[in-house]
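Okay, structure first, notes after.
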Amino acid sequence: MIEAAFVTFLVGLLGATLRVATPLLFATIGELYTERSGVLNLGIEGIMFLGAFVGFAIAAKSAEAELAGYLWLGLGGAIVVGLIMGLLMAFFSVTLGVNQHVAGLGITLLSTGLALFGFRMIFGQSSVLPSIEPFAQLSIFGDLPILGPIFEQYLLTYVAFIVLLPLAWWLLYRTNYGLELRSVGENPEAADAAGVNVFRVRYITLALGAALMAIGGAFLSLAQLGAFSPGIIAGRGWVCIALVIFAKWDPIRAMWGALLFGGVFALQLRLQLLDLVDIPFEFFLALPYLVTIAALALAGRNVAYPGAYLKAYRRE
Amino acid sequence: MDRPNAIEMRHIYKRFGSLVASDHVNFMLCQGEIHALLGENGAGKTTLMRILYGLYHADSGEIVVNGQAAEIKSPKDAIAVGIGMVTQHFALVPPLTVTENIILGYTDGFQINLNEAHRRVAEASEKFGIPVEPKALVKDLSVGQRQRVEILKALYRNANVLIMDEPTAVLVPQEVEQLFESLERLRRQGLSVIFISHKLNEVMTITDRVTVLRLGENAGTVETQSTSPPELARMMVGRETFGVTKTAGKPSQGKIVLELAQVAALDNKGLPALKNITLQVRAGEILGLAGVSGNGQTELAQVLDGTRLVTAGQIKVLNHDITNVGPEKVMAAGVGRIPEDRHESVVAELSVAQNMALEHLDEFTRQGVLNKKTLLEHAKKLIAEYQIKASPGDKIRTLSGGNMQKVILARVLERNPQVIIVAQPTRGLDVGATEYVRGKLLEQRRKGAAILLISEDLDEILELADTIAVIYEGEIMDILPAAAAETERLGLLMSGVKADKVGA
Ligand SMILES: Nc1ncnc2c1ncn2[C@@H]1O[C@H](COP(=O)(O)OP(=O)(O)OP(=O)(O)O)[C@@H](O)[C@H]1O
Ligand SMILES: [Mg+2]
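Written out as structure tokens, the structure reads:
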């Protein structure tokens, strides 16, 4: 009996880990690419939030209009708004050469403000949160024990782990764009002298990166929750910033980081439910973040930041 | 020369703020020649070449490549018309491999076929006779190897004009020889080379013609065969120059000031860098430490200024033990240092005045508050005394190499240190500045300072030192009086051949 309960517990934990890790993986890869080009995008928290909102708003309105692919429209909208915010960040940090911390926090404030404003405008101030019918989970192993429930996941989770991750790795290490990206973030003078258009590479990367952050946010509203609330992101963006350092700017390590955080987060939820001892639930809520900090403290020493991290490039 | 021009730069004009770095310069490069560009620090050599390579934009003027007007807005454009550049500070990405650095920005298709790329780089390496290791990481390469990667990178892009900005400043004699052989061979294959150097003997050896820049203007182009180093020096500075001369190499009888006894230390990787170093420097003596770079010189300088721990042995200044006491106490004991990398011993964003006070801030503060007025007066005094071309408020990074070195020199020598540790003091400096720095060191010697001169430039050591020690793989090979030192013998010692085998 106890064994069976334990297996159920583990299976649930693993499934939830993958779910929680999904938005983190999208956004972490986005931030990782951005930083590899030499730019820190602290707009991540806001861009995830805005992505979650725009995705949800478009999906909700499309559903009202009885459009069939309303969720996909929402996702598309999130991607577009992500691209726009990425380009805006690029304009500030690449073209104007504004301090990247300031520019990024500005983007977060702007995006958060826009999303909250839009939310009030569109959904008013009702006491019940609006909701939509979210993406369904795919159960590719059907009713098989163990595998069935673990891999009953959203399409976007599969995309994140099976498509995005290998693609991100391949793009970074095996393509000309990746080579240019790594050079631009490491030594833009050298890249420039070699004939690489530093500005273009950074613009493209920041736009793509922010689009991934927005997808991460939209995953929460369109798949996991089917709703939008002001607390939806809850610092996940900041966690991703830490995960990038933990990952030492490598996509595969980023996956392990996302899974670690996802695992602790899922565990924490279950511990809360168990009502084991009377530890205040806030402690459990804080647990994943504490683990992130601890992991960072252990893995984040002596990390080699990209050579041109935080530096704008100017040619005179 | 009667060959057609590969490059014609006409009326190139470029201003940085109020400073005219290139004042209607005309510059012609023939096909298949090695053409030197000479000039004092700040004369505008690098600026002119950066304009040719598209890294700077001229305010006006035109560039003609192989008879056709060329619009060069970026290095990409320059590469497209066959121009390659090896910059003063290497433009390589250290964490990437040699191959990745070479193909960067010059690839077709989207995906990289790494095996194919390695093969092509190896092929080019063979074809041009520039040996490189395609799979090595650039960060693991020596300076000489990195330079070869840079050259190959340009040739791989089908450059037929190669700009080399002070390529020999960072090389040891053997590497310089190799480089010259390569350039000679490439020239016969039709490559045109623009060669920037401050070393007149190199210019005389390798080039066909010389163009001299002075204060941003073209001061004339001459055939190398029909000129001489004194004439070139005169063209550069616009007046006669005189080499410094050491007053009689009397074997110093001063008291021993700096003493190292069986000193050992580790390098950054934790491997032994210094083994059993025993040296003595007397008052009024310059001890020259010769050696190929990377044989422990850097570590020795750090041990002496207190920034690296000694693992065995003892260091004494006037019988004061200063072993592992830290930089502050070392300085208090009367040791002044002029480090190898001048950019690392100043704070780029701070002003000249602030940098001049940096090592003794306590003397410029009252109750923890910096006294701007004394700071300024102090700087003004030193600027006048050392003839530095800058004002106290200038950010130090805007200074030319020579002036930056003078600031460091002023900061150290002003305190009349009893011991001076000086590494590569004239690297990258023009003839005038070199002369000035060497003169100052000799002046300190006259005043009775004990000077340890670490230099990879044998000529410099032979010119200044009273006694010469040769270091190889962290060990002192031999110590001999300068009068008895011949270049050949030093060369052998520097490559690790023991004294008894040299046949002293
Ligand atoms: N990016 C820049 N901004 C402002 N001033 C500059 C810049 N680059 C060069 N200068 C100034 O232009 C002048 C010419 O500099 P340049 O680097 O071309 O001299 P150089 O002949 O190469 O000297 P060196 O022998 O020291 O390398 C100098 O006074 C320098 O301070
Ligand atoms: Mg220069």
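Just so you know, the sequences run in chain order C and D. Under this note's numbering, the first residue of the first sequence carries the number 403, and numbering increases by one thereafter. Under this note's numbering, the first residue of the second sequence carries the number -5, and numbering increases by one thereafter. C-beta atoms are modelled at their ideal positions from N, C-alpha and C, and glycine is treated no differently.
*Secondary structure of V413 of chain C, DSSP reduced to three states*: Helix at V413 of chain C.
*asked:* Tell me the DSSP secondary structure of N212 of chain D in three-state form.
replied: Reduced to three states, the DSSP call for N212 of chain D is strand.
*With a cut-off of 8 Å on the beta carbons, I'd call M657 of chain C and I446 of chain C a contact; round off their distance for me.*
The Cβ separation is near 18 Å, so there is no contact.
*Any residues in the region 561 to 579 of chain C with a beta carbon nearer than 9 Å to a beta carbon of chain D? Which ones, in chain order?*
Here the close residues are W572, Y575, R576, T577, N578, Y579.
*Go ahead and pull the three-state DSSP assignment for I481 of chain C.*
The answer is helix: DSSP assigns I481 of chain C an H, G or I state.
*Spatial neighbours of E554 of chain C within its chain, please: CB distance less than 6 Å, with the 5 preceding and 5 following residues excluded, ordered by chain position.*
Excluding sequence neighbours, E554 of chain C sits near Q539, S541.
*When the Cβ atoms of the region 607 to 625 of chain C are set against those of the region 416 to 435 of chain C, are three or more pairs found closer than 8 Å?*
Flag = yes, the region 607 to 625 of chain C and the region 416 to 435 of chain C touch.
*How would you list, in chain order, the residues of chain D whose beta-carbon sits under 8 Å from the beta-carbon of N589 of chain C?*
Chain-ordered, the chain D residues with CB closer than 8 Å to the CB of N589 of chain C read A85, L86, V87, P88.
*Please indicate yes or no: does the CB of I395 of chain D lie closer than 7 Å to some heavy atom of ligand 1?*
In the sequence as presented, Ile is not what sits at residue 395 of chain D; that position holds Gly. Under cutoff, so the answer is yes.
*Could you confirm whether any beta carbon from chain D is found closer than 8 Å to the beta carbon of L581 of chain C?*
Look at L581 of chain C: its C-beta is under 8 Å from a C-beta on chain D.
*Kindly give me the distance between the Cβ atoms of V275 of chain D and L294 of chain D, rounded to whole angstroms, as I take these residues to be in contact under 8 Å.*
About 12 Å; that fails the 8 Å criterion.
*Go through its chain and collect everything with a Cβ distance to T301 of chain D's Cβ below 6 Å, but skip five positions before and after it.*
Correct list, in chain order: P321.
*If we ignore side chains and look at the alpha-carbon of each, how far apart do K513 of chain D and H314 of chain D end up?*
What is shown of chain D runs -5 to 498, which leaves residue 513 of chain D out entirely.
*Please classify L252 of chain D: does DSSP put it in a helix, a strand, or coil?*
Reduced to three states, the DSSP call for L252 of chain D is strand.
_Taking CB distances under 8 Å as the criterion, tell me whether G99 of chain D reaches chain C._
Look at G99 of chain D: its C-beta is under 8 Å from a C-beta on chain C.
*Could you tell me whether any Cβ in chain D is nearer than 8 Å to the Cβ of D594 of chain C?*
Taking Cβ atoms only, chain D reaches closer than 8 Å to D594 of chain C, which makes this a yes.
_Nearest-angstrom beta carbon gap, A148 of chain D and G78 of chain D [assumed within contact, 8 Å]_ = Contact holds; Cβ gap of about 3 Å.
*Return the Cβ separation of L483 of chain C and L452 of chain C in integer angstroms, given the expectation that the two are a contact with Cβ distance under 8 Å.*
Note that residue 483 of chain C is Val in the sequence shown, not Leu. Yes, V483 of chain C and L452 of chain C are in contact; Cβ-Cβ is about 6 Å, under 8 Å.
*Is the beta carbon of K39 of chain D within less than 7 Å of some heavy atom of ligand 2?*
Yes - ligand 2 has a heavy atom lying nearer than 7 Å to the Cβ of K39 of chain D.
*Rounded to whole angstroms, what's the CA-CA distance from M730 of chain C to V80 of chain D? Just pull it up for me.*
Coverage of chain C is limited to positions 403 through 718, which leaves residue 730 of chain C absent and any answer about it impossible.
*Minimum Cβ-Cβ distance from L49 of chain D to chain C less than 8 Å*: Yes - at least one Cβ of chain C is within 8 Å of the one on L49 of chain D.
_For a minimum of 3 consecutive residues, which ranges assigned as the beta strand (DSSP E) are wholly contained in the region 389 to 462 of chain D?_
Here the runs fully enclosed are 413 to 417, 444 to 449.
*Establish whether the CB of I73 of chain D and some CB of chain C are separated by less than 8 Å.*
Closer than 8 Å: yes.
*What is the DSSP secondary structure of Y711 of chain C, counted as helix, strand or coil?*
Under the three-state reduction of DSSP output, Y711 of chain C falls in the coil class, being neither helix nor strand.
*Does the beta-carbon distance from G138 of chain D to L156 of chain D come in below 8 Å?*
Taking 8 Å as the Cβ cut-off, G138 of chain D and L156 of chain D do not qualify as a contacting pair.
*Between the Cα of Y47 of chain D and those of D:I188, D:I106, D:E196, D:A111, spot the shortest distance and give me the residue it belongs to.*
Nearest option by C-alpha distance: D:I188.
*Rounded Cβ spacing between A581 of chain D and I402 of chain D (contact assumed at less than 8 Å)*: Because chain D spans -5 through 498 in this model, residue 581 of chain D falls outside it and cannot be assessed.
*Tell me, please, whether the CB atom of T665 of chain C is closer than 8 Å to any CB atom in chain D?*
Looking at the sequence itself, residue 665 of chain C is Gly, so the reference to Thr does not match. With 8 Å as the cut-off, G665 of chain C does not count as an interface residue toward chain D.
*Okay, do the region 432 to 449 of chain C and the region 626 to 633 of chain C touch, 3+ Cβ pairs below 8 Å being the bar?*
The region 432 to 449 of chain C is not in contact with the region 626 to 633 of chain C.
*Below 8 Å, can you find three or more Cβ-Cβ pairs linking the region 104 to 122 of chain D to the region 67 to 74 of chain D?*
No, they do not touch.
*Kindly list, in the order they appear in chain D, the residues whose Cβ is closer than 7 Å to that of G597 of chain C.*
At a beta-carbon threshold of 7 Å, the residues of chain D lying near G597 of chain C are P69, K70, I73, G99, Y100, ordered along the chain.
*At a cut-off of 7 Å, is Q82 of chain D close to ligand 2 when judged by its beta-carbon and the heavy atoms of the ligand?*
Answer for Q82 of chain D: yes, Cβ within range of ligand 2.
_Short CB-CB distance (under 8 Å) between S585 of chain C and chain D_ = By this cut-off, S585 of chain C is an interface position.
*Within the chosen definition, does the region 701 to 715 of chain C reach the region 587 to 600 of chain C through at least 3 CB pairs nearer than 8 Å?*
Touching, yes, given that three or more Cβ pairs across the two stretches are closer than 8 Å.
*Which residues does DSSP pair with F189 of chain D in a beta bridge?*
According to DSSP, which records beta bridges pairwise, F189 of chain D is partnered with D:A30, D:M158.
*Out of D:L484, D:D335, D:F358, point me to the one whose CA is closest to L423 of chain D's CA.*
If we check each option's Cα against that of L423 of chain D, D:D335 comes out closest.
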